[in-house]
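Note sheet for the following structure.
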């Protein structure tokens, strides 16, 4: 095999993955609706996560800055739940949770609240979160009962 850098030069067109949605979302014929998930780049994922990380100077109970060996100590806070919901919103292409009509229907102005409103039941939210995180490569796929049964036979 020859060493050639062209193998690392690829088109970065986002991939769209289609997966079954929660069982509670069906079309007129009774078929479960599919979710369309855009596979976000690592840079996009990192940018979204950084938006929910806040770094402040650590202070004692009186509000005085804390220091160690002459260096100011920093406190980092991260809103992981909100970052995850933002990843879901950015990755989902269908349904488009940023759609103006859908947001107006739910009386919502913050897109990070949309996954909680559209997928209001805990099992729906867990299903969508698992599907998106798996598509993004942030979670290993979870085998469903059919796959497990096939593996046993």
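In this note's numbering, the protein residues as written are 486 to 638. Every residue, glycine too, gets a C-beta built ideally from N, C-alpha and C.
Burial of residue 600 is indicated by the presence of at least 16 other C-beta atoms within 10 angstroms of its C-beta. In the same chain as residue 505, and ignoring 5 residues on each side of it, the C-beta atoms closer than 7 angstroms to its own belong to 517, 519, in chain order. When secondary structure is reduced to three states using DSSP, residue 600 falls in the helix class. Residue 505 is bridged by DSSP to 519. When DSSP reads this structure, residue 557 sits in a beta bridge with 552. Distance from the CA atom of residue 587 to the CA atom of residue 507, rounded to whole angstroms, is 18 angstroms.
Taking 9 angstroms as the cut-off, the Cβ atoms of residue 582 and residue 530 do not count as close. Cβ atoms of residue 576 and residue 525 come within 8 angstroms of each other, at about 6 angstroms. By the beta-carbon neighbour count (other beta carbons within 10 angstroms, threshold 16), residue 612 is buried. In the three-state reduction of the DSSP assignment, residue 562 falls in the strand class.
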